[in-house]
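Colleague: In this note's numbering, the protein residues as written are 423 to 524.
(1) Between residue 513 and residue 487, how many whole angstroms is the CB-CB distance? I'm expecting something under 8 Å.
(2) Report, in whole angstroms, the separation of the C-beta atoms of residue 502 and residue 482, which I expect to be a contact under 8 Å.
(3) Mapping DSSP to helix, strand and coil, what is residue 493?
(4) With DSSP as the reference, label residue 511 as helix, strand or coil.
(5) Exposed or buried, what is residue 484 when buried is set at 16 or more other beta-carbons lying within 10 Å of its beta-carbon?
(6) Pop quiz: residue 499 and residue 522 are said to be a contact at Cβ under 8 Å. What is the actual Cβ separation, rounded to whole angstroms?
(7) Rounded to whole angstroms, what's the CA-CA distance from residue 495 to residue 480? Just pull it up for me.
(8) How big is the Cα-Cα spacing for residue 476 and residue 430?
(9) Between 497, 506, 518, which lies nearest to residue 524 when the distance is taken from Cα to Cα?
(10) In the stretch 456–491, which residue ranges form an unbroken beta strand (DSSP E) of at least 3 residues, counting only runs that do not cross its ends?
This is the structure:
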């Protein structure tokens, strides 16, 4: 019986840690968009099928499509040299101005 109680306690603690991590990640993402007033610009089909992009450095943060990518840590994003390169990446759903948060 004592061994069973230990297993249940360990399972409960691990579950609580996972839940806390998920809540932290979601809150961090929400806080970023509120604190920076970041405007989400969603990629459209014509931007996603581009073969070549202009070589101008105007950094944007390309945020992954949560339906295609399952993130394990925040941010679920990558800095691109401009919005053309961001939207040409099939994983990107939308972009925000500037480099990604760390």
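Think of the CB as a built atom: it goes at the ideal place given N, C-alpha and C, for glycine as much as any other residue.
Modeller: With the structure as the only source:
(1) Position 91 of the chain shown holds residue 513. Position 65 of the chain shown holds residue 487. Indeed, because the Cβ distance is near 6 Å, the residues count as touching under 8 Å.
(2) Translated into the one-based positions of the chain shown, residue 502 becomes position 80. Translated into the one-based positions of the chain shown, residue 482 becomes position 60. 6 Å between Cβ atoms; contact.
(3) Here residue 493 refers to the residue found at position 71 when the chain shown is read from its first residue. Coil, per DSSP.
(4) Numbered from 1 along the chain shown, position 89 holds the residue referred to as residue 511. Here residue 511 sits in coil by DSSP.
(5) What you label residue 484 is simply residue 62 of the chain shown in a count that begins at 1. Label assigned to residue 484: buried.
(6) Your numbering for residue 499 matches position 77 in the chain shown. Your numbering for residue 522 matches position 100 in the chain shown. Contact flag correct, Cβ pair sits at about 4 Å.
(7) For the purposes of this step, residue 495 is taken as the residue at position 73 of the chain shown. For the purposes of this step, residue 480 is taken as the residue at position 58 of the chain shown. Roughly 25 Å between the two C-alpha positions.
(8) The count along the chain shown starts at 1 and reaches residue 476 at position 54. The count along the chain shown starts at 1 and reaches residue 430 at position 8. Approximately 57 Å between the Cα atoms of the pair.
(9) Here residue 524 corresponds to residue number 102 of the chain shown, with the count starting at 1. Comparing Cα positions, the closest option is 497.
(10) 482–486
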